[in-house]
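Worksheet for the structure shown next.
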Amino acid sequence: MPSPELTHSHSRPTGPATINAVVTLLKWRGLPIELAQRIVDQAQYWTKCTRSNKRACTVIARMAPPRQSSGGQLETWTSGQEDEVKEDMEMEGSGLRDRIGEVWYLCSSPMGCLLKQRNGGEEKDETGASSWIRQVAVETFSRDQGWSDNAAHYGKYEHSYSWFEMSLLRNGQEVPESRVKIQYNVHAGQYFKSHRHVFDKTHPLVRDAVEGDRLVLWARAEYPGWTNVIKEASISVYTAPYPVPR
Numbered sequence: 001m002p003s004p005e006l007t008h009s010h011s012r013p014t015g016p017a018t019i020n021a022v023v024t025l026l027k028w029r030g031l032p033i034e035l036a037q038r039i040v041d042q043a044q045y046w047t048k049c050t051r052s053n054k055r056a057c058t059v060i061a062r063m064a065p066p067r068q069s070s071g072g073q074l075e076t077w078t079s080g081q082e083d084e085v086k087e088d089m090e091m092e093g094s095g096l097r098d099r100i101g102e103v104w105y106l107c108s109s110p111m112g113c114l115l116k117q118r119n120g121g122e123e124k125d126e127t128g129a130s131s132w133i134r135q136v137a138v139e140t141f142s143r144d145q146g147w148s149d150n151a152a153h154y155g156k157y158e159h160s161y162s163w164f165e166m167s168l169l170r171n172g173q174e175v176p177e178s179r180v181k182i183q184y185n186v187h188a189g190q191y192f193k194s195h196r197h198v199f200d201k202t203h204p205l206v207r208d209a210v211e212g213d214r215l216v217l218w219a220r221a222e223y224p225g226w227t228n229v230i231k232e233a234s235i236s237v238y239t240a241p242y243p244v245p246r
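Start counting the sequence shown at 1; every next residue gets the next number (the UniProt record's numbering).
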């Protein structure tokens with residue numbers, strides 16, 4: 001069967017209990033807890049929550065966003081997350097508002113999302129308390145319109161007007177000054193190209209995020225003729241059950 005277009009997954013270790021068990025084991029070996037936590041951190045033994053979207057979307061510069069309108073008149077495209085973030089989209093001053101040549105393509109789960117074991121072996125997603133973000137990884141698979149009037153820049157990233165941005169969403173609103181450009185498409189690219197960016201704890205997107213925030217991936221295109229054709233993308237958030245060891 002084909003894989004779903006919109007997925008939400010967790011990789012092992014899926015919760016803080018497993019990580020804390022490893023820290024405890026190292027303590028039993030005689031290591032101070034600070035050193036035990038540092039060892040686990042250096043090994044990047046963190047929980048990982050991934051949201052991915054495989055719904056193709058084309059953002060065209062200076063044209064109305066392709067997302068389906070609230071009245072259902074433009075049934076062209078939806079991210080699949082509209083119901084999940086409906087309140088955020090509809091609130092005044094929403095940080096999830098498409099604009100001309102600008103569309104939010106994917107939202108992460110709220111920071112601190114964990115997969116918890118329930119009675120009978122059932123697993124359920126929850127936002128867990130006391131988790132600290134360590135790293136964020138963003139992957140995109142996209143191209144631009146495949147042509148331009150500037151042949152000197154074909155196959156390069158210079159003078160590309162088709163790109164991606166990230167922002168922090170807090171209580172339905174975009175955190176001021178959190179928006180950053182992360183990737184341009186190859187200029188006049190003939191093929192889809194994958195890009196992966198990893199942001200560590202020193203990056204503002206990670207450093208300034210708090211429990212419950214979401215990361216938002218925006219697709220942009222500017223100037224006539226330019227497009228951003230997205231085939232798929234994902235956002236992975238890595239967390240630990242303790243602050244960064246000193």
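No residue lacks a Cβ here, since even glycine has one placed at the ideal position from N, Cα and C.
Computed from a predicted model, the values in this text were never measured in an experiment.
C-beta atoms of residue i and residue j nearer than 8 angstroms
| i | j | result |
| --- | --- | --- |
| residue 234 | residue 139 | yes |
| residue 108 | residue 23 | no |
| residue 60 | residue 221 | yes |
| residue 230 | residue 142 | yes |
| residue 217 | residue 105 | yes |
| residue 93 | residue 173 | yes |
| residue 98 | residue 168 | no |
Spatial distance of residue i from residue j (CA atoms)
| i | j | result |
| --- | --- | --- |
| residue 110 | residue 232 | 20 angstroms |
| residue 170 | residue 210 | 9 angstroms |
| residue 4 | residue 31 | 45 angstroms |
| residue 66 | residue 86 | 17 angstroms |
| residue 162 | residue 219 | 8 angstroms |
| residue 72 | residue 91 | No answer about residue 72 holds up, because its pLDDT of 48 lies below 50 and its placement is not dependable. |
Status (buried if at least 16 other CB within 10 Å, exposed otherwise) for residue i
| i | result |
| --- | --- |
| residue 131 | buried |
| residue 159 | exposed |
| residue 227 | buried |
| residue 144 | buried |
| residue 16 | buried |
| residue 88 | buried |
Host alpha helix (DSSP H) of residue i (start-end)
| i | result |
| --- | --- |
| residue 244 | Taken as a continuous stretch (DSSP letters only), residue 244 belongs to no alpha helix (DSSP H), as it is neither H nor E. |
| residue 34 | 33 to 42 |
| residue 89 | 86 to 90 |
Residues near residue i by beta carbon distance below 8 angstroms, same chain, minus five either side
| i | result |
| --- | --- |
| residue 134 | 41, 44, 46, 200, 201, 206, 238, 239, 240 and 244 |
| residue 122 | Caution applies to residue 122, whose pLDDT of 42 falls short of 50 and renders its modelled position unreliable; the model cannot decide the point. |
Cβ neighbours of residue i in the same chain (closer than 7 angstroms, five flanking residues each side left out)
| i | result |
| --- | --- |
| residue 182 | 138, 164, 165, 166 and 197 |
Chain-order list of residues whose beta-carbon lies under 6 angstroms from that of residue i (same chain, five-residue window excluded)
| i | result |
| --- | --- |
| residue 18 | none |
Host beta strand (DSSP E) of residue i (start-end)
| i | result |
| --- | --- |
| residue 193 | 193 to 200 |
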